[in-house]
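There are 2 protein chains.
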Amino acid sequence: MPDSDYPDIRRLDLFSDMTPEHFQTLMRGAYVQNFPPQIELITEGEPSDFLHVVLSGSVDLFSAWNGRDTSMATVRPISTFILAATIKNAPYLMSARTLEKSRIVLIPSQDVRAIFDVDGGFARAMVTELAQCYRSVIKSQKDLKLRTSLERLANYLLRQQRHAGDAAAFDLAFEKRRLASILGMTPENLSRAFKGLQPYGVTVDGTRISIGDQADLERFAKPNSLIDDFST
Amino acid sequence: MPDSDYPDIRRLDLFSDMTPEHFQTLMRGAYVQNFPPQIELITEGEPSDFLHVVLSGSVDLFSAWNGRDTSMATVRPISTFILAATIKNAPYLMSARTLEKSRIVLIPSQDVRAIFDVDGGFARAMVTELAQCYRSVIKSQKDLKLRTSLERLANYLLRQQRHAGDAAAFDLAFEKRRLASILGMTPENLSRAFKGLQPYGVTVDGTRISIGDQADLERFAKPNSLIDDFST
DNA sequence: CCAGCGACTTGACAAATATCAATCGTATTG
DNA sequence: CAATACGATTGATATTTGTCAAGTCGCTGG
Numbered sequence: 271m272p273d274s275d276y277p278d279i280r281r282l283d284l285f286s287d288m289t290p291e292h293f294q295t296l297m298r299g300a301y302v303q304n305f306p307p308q309i310e311l312i313t314e315g316e317p318s319d320f321l322h323v324v325l326s327g328s329v330d331l332f333s334a335w336n337g338r339d340t341s342m343a344t345v346r347p348i349s350t351f352i353l354a355a356t357i358k359n360a361p362y363l364m365s366a367r368t369l370e371k372s373r374i375v376l377i378p379s380q381d382v383r384a385i386f387d388v389d390g391g392f393a394r395a396m397v398t399e400l401a402q403c404y405r406s407v408i409k410s411q412k413d414l415k416l417r418t419s420l421e422r423l424a425n426y427l428l429r430q431q432r433h434a435g436d437a438a439a440f441d442l443a444f445e446k447r448r449l450a451s452i453l454g455m456t457p458e459n460l461s462r463a464f465k466g467l468q469p470y471g472v473t474v475d476g477t478r479i480s481i482g483d484q485a486d487l488e489r490f491a492k493p494n495s496l497i498d499d500f501s502t
Numbered sequence: 271m272p273d274s275d276y277p278d279i280r281r282l283d284l285f286s287d288m289t290p291e292h293f294q295t296l297m298r299g300a301y302v303q304n305f306p307p308q309i310e311l312i313t314e315g316e317p318s319d320f321l322h323v324v325l326s327g328s329v330d331l332f333s334a335w336n337g338r339d340t341s342m343a344t345v346r347p348i349s350t351f352i353l354a355a356t357i358k359n360a361p362y363l364m365s366a367r368t369l370e371k372s373r374i375v376l377i378p379s380q381d382v383r384a385i386f387d388v389d390g391g392f393a394r395a396m397v398t399e400l401a402q403c404y405r406s407v408i409k410s411q412k413d414l415k416l417r418t419s420l421e422r423l424a425n426y427l428l429r430q431q432r433h434a435g436d437a438a439a440f441d442l443a444f445e446k447r448r449l450a451s452i453l454g455m456t457p458e459n460l461s462r463a464f465k466g467l468q469p470y471g472v473t474v475d476g477t478r479i480s481i482g483d484q485a486d487l488e489r490f491a492k493p494n495s496l497i498d499d500f501s502t
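Residue numbers (my numbering), protein chains in the order written: chain A, 271 to 502; chain B, 271 to 502.
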């Protein structure tokens, strides 16, 4: 691995508290690879050989069953994925594929587990990371079970808007078919859902979203920090 | 707390690897309480003051939004809940209420975080516990997003059957209204779903479920270890 | 330039799910 | 024992969501 990547990884919360020696050990066994778009990095059901770290690009975590499939989450730099499978030495529950050209670190799971056993700082960082992941999925689960698809879309747009610095207009982070899958609906329904939000001042032009009256949309969406706030 | 409860708690994976001193410290600040049924133990949004351990009885984790509510999970002895909120010192994402008369240990979150900082064994046990919780929610999420309500019910019954030692008949673990909520449907729909499984040999008499032909039901349900196997 | 591809949209329809109201059955209680 | 309360069920209906089949639009590669 090029040494230039070290600092970026070291700076991750997950790796910043471990001893330099242990970090070195991890990095010695690791390697970095550049992947083109649409490459399947891991397949659900396979043993978790590597902990992955996305340095650049983005990765889609998805799952399939009985001919259907669904996007579960998107991983953006710089963060890790499939930490839980790695540490439990259990099969992946989700598949992963690159969405764009991506630079990814692969750290042998075996090494991660070994260092985890001897480095308290690493173990503690892992707790924080896993707790965060757990709470994110719980929020997503609440979103799915408590809201209609229209409400999910409205709240998603408000979250994206906040992420864009409360701008009145912003671009969708990815294509609509996958947004639909993430929100748990079909692409056709997403199209209709966008129309359904027109009365609340939402206009769509291709990938560009404009929110005419944020307060109006919020009155409908009823965003809630226990579902929509990703920082806590 | 009565000393008789110590061994039960100590035997939990979460607490078995920590030093005796740290365990003592945790137990000194903890207390045990008996709650009647239907008592709300915690409310979502509140600060996480205590890590909870269910010694006996059972607890429903649920969440509400905009007048709707849904059951997220059931906690049975002996295990903990809201570990993630405790460790992140963040508000509860779910509310909890006793389903029956329950005996519950309350351990001040502050103590848990303090010991977590100094006891590597505890931190490591926490990682395992959180990874398990995370994977459980992911499975549940896949169940929700990839399956129809009929398929969810069929697979739920197969899981329960396995839990009952592959018996041809078994009793539902809780009342149907809450089962419906857990499976993400209305009670009315659950009733119809049971009827919908009759062609596959499922018969219902009150709380008693009989599975006439397990292979037949499995052909319909298509159980998958990456969704339905809770041990991995 | 333009043919072709793929994502998106739209409409018509079908299926799944929720809602509302009424009823049934059982367990509890005065 | 009767009255009642509550969960479960059922039927009718409405809403939501998915499916299928066009058709549009924009982009890209020859």
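By construction, the Cβ of each residue, glycine as well, lies at the ideal position given by its N, Cα and C atoms. Just so you know, these numbers come straight off a predicted model, no measurement behind them.
Can you tell me whether residue i is helix, strand or coil according to DSSP?
i	result
L321/A	strand
F500/A	coil
P378/B	strand
T398/B	helix
I312/B	strand
Y404/B	helix
T295/A	helix
A300/B	coil
A343/A	strand
A334/A	strand
A393/A	helix
A360/B	coil
R503/A	As displayed, chain A neither begins before 271 nor continues past 502, which places residue 503/A out of reach and without an answer.
R489/B	helix
R373/A	strand
S410/A	helix
S328/A	coil
Between residue i and the rest of its own chain, which residues show a CB-CB distance below 6 Å, the 5 nearest in sequence each way excluded?
i	result
G505/B	Missing from the structure shown is residue 505/B; chain B here goes from 271 to 502 and no further.
L369/B	S328, D330
K409/A	I497
G299/A	P378, D381
M455/A	S419
N304/B	R373
Buried or exposed for residue i, please, with buried defined as at least 16 other CB atoms from any protein chain shown within 10 angstroms of its CB.
i	result
D475/A	exposed
E399/B	buried
Y301/B	exposed
Q402/A	buried
T356/B	buried
D441/A	exposed
R394/B	buried
S274/A	exposed
K415/A	buried
T340/A	buried
D436/A	exposed
K412/B	buried
Go through its chain and collect everything with a Cβ distance to residue i's Cβ below 7 Å, but skip five positions before and after it.
i	result
A439/A	R478, I479, S480
S406/B	F500
V345/B	V324, S328, V329, L331, F351
E488/A	L428
P457/A	K446, R447, A450
M342/B	L331, F332, S333, M364
D283/A	A395, T398, E399
Apart from the five residues just before and just after residue i, which ones in its own chain have a Cβ nearer than 8 Å to its Cβ?
i	result
Y276/B	M297
L420/A	A463, G466, L467
S495/A	T502
F293/A	R280, F285
E310/A	S365, A366, R367
E314/A	S333, A334, P361, Y362, L363, M364, S365
At a CB-CB cut-off below 8 Å, which residues of chain B make contact with residue i?
i	result
L416/A	S333, A334, W335, N336, R338, D339, T340
I246/A	This structure leaves residue 246/A out entirely; chain A is present only between 271 and 502.
F386/A	R394, V397
Chain A partners of residue i, CB-CB under 8 Å?
i	result
Y404/B	A354, L400, C403, Y404, V407
Find the residues of chain B that neighbour residue i, judging by a C-beta separation of less than 9 Å, and give them in chain order.
i	result
L496/A	E314, G315, S333, W335, P361, Y362, L363, M364
S379/A	In chain order: nothing, as chain B lies at least about 12 Å away.
S410/A	V407, Q411
K446/A	Simply none; closest approach about 17 Å.
K371/A	Near K371/A there are no residues of chain B at all, since even the closest Cβ is about 27 Å away, more than 9 Å.
In chain B, which residues lie less than 7 Å from residue i when you measure between Cβ atoms?
i	result
A393/A	G390, A393, R394, V397
Note down, in chain order, every chain A residue with its Cβ under 7 Å from the Cβ of residue i.
i	result
T502/B	A360, P361
G466/B	Those do not exist, as G466/B stays about 17 Å from chain A at its closest Cβ, beyond 7 Å.
G454/B	K415
- [ ] Go through the region 412-482 of chain B residue by residue and report every complete run of the alpha helix (DSSP H) that reaches 4 residues or more, in order.
- [x] 419-433, 446-453, 457-466
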